[in-house]
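Undergrad: If you scroll down you'll find the structure; I have some questions about it.
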Amino acid sequence: MKTGLKKNDVLLIIIILAVAGSAYWLHEKIGTKGANCITVKVNGRIEGVYSLGEDQEIEINGGTNHLVIKNGRADMTEADCPDKLCVNQKAVSKNRESIICLPNKVIVEVDSSENSEFDAVSN
Ligand SMILES: [Zn+2]
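Note that this note's numbering has the sequence shown beginning at 5, numbered continuously upward.
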């Protein structure tokens, strides 16, 4: 059989379309809800990814920095760094906003996209 689609091929196409469609739908749904994620990096390495839609408290870098997520915003509430610039920074909630603690090499960044292509490149 050289020409024409086989039954299995048609089925496969339907499955691919269904998966792509639901992924798109899911992305739209999450996007409109504004449930972004924050990526916590220590020394350039990703230590964790957390949802802003969930109230939680995070110990970063073994406890040098304390991050609180509340009402869809992430705020650095405590840190053992000498300058305390990260603690004084405003809470972040929008895509690409970040809190940086230079002495501890901690970066907290809001990221609404779920892939980590950017991180792979930057390393
Ligand atoms: Zn700091």
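Backbone N, C-alpha and C fix where the C-beta goes; we use that ideal spot for every residue, glycine too.
1. Give the range of the beta strand (DSSP E) segment to which C90 is assigned.
2. How big is the Cα-Cα spacing for E51 and T68?
3. Taking the C-alpha atoms as reference points, what is the distance between K94 and E113?
4. Any chance the CB of C90 is under 8 Å from a heavy atom of ligand 1?
5. Looking only at its chain, what residues have a beta carbon closer than 6 Å to the beta carbon of D115, apart from the 5 residues adjacent to it on each side?
6. Report buried or exposed for D45, applying the criterion of at least 16 other Cβ atoms within 10 angstroms of its Cβ.
7. For V72, which residues from the same chain have a beta carbon less than 6 Å from its beta carbon, with the 5 sequence-adjacent residues on both sides left out?
8. How should V14 be labelled, buried or exposed, when 16 other C-beta atoms within 10 angstroms of its C-beta is the threshold for buried?
TA: From the atom records:
1. Walking along the sequence shown from the start, residue 90 turns up at place 86. From DSSP, C90 is part of no beta strand (DSSP E) but of the alpha helix (DSSP H) over 89 to 92.
2. If you number the sequence shown from 1, residue 51 lands on position 47. If you number the sequence shown from 1, residue 68 lands on position 64. Approximately 13 Å between the Cα atoms of the pair.
3. The residue labelled residue 94 in the question sits at position 90 within the sequence shown. The residue labelled residue 113 in the question sits at position 109 within the sequence shown. Roughly 13 Å between the two C-alpha positions.
4. If you number the sequence shown from 1, residue 90 lands on position 86. The answer is yes for C90.
5. Position 111 of the sequence shown, counted from the first residue, corresponds to residue 115. Cβ within range, chain order: C41, T43.
6. The residue labelled residue 45 in the question sits at position 41 within the sequence shown. In the sequence under discussion, the amino acid at residue 45 is Lys, which differs from the Asp named in the question. Buried, by the Cβ-count rule.
7. For the purposes of this step, residue 72 is taken as the residue at position 68 of the sequence shown. E61, D79, T81.
8. In the sequence shown, the residue the question calls residue 14 occupies position 10. Exposed, because fewer than 16 other Cβ atoms sit within 10 Å of the Cβ of V14.
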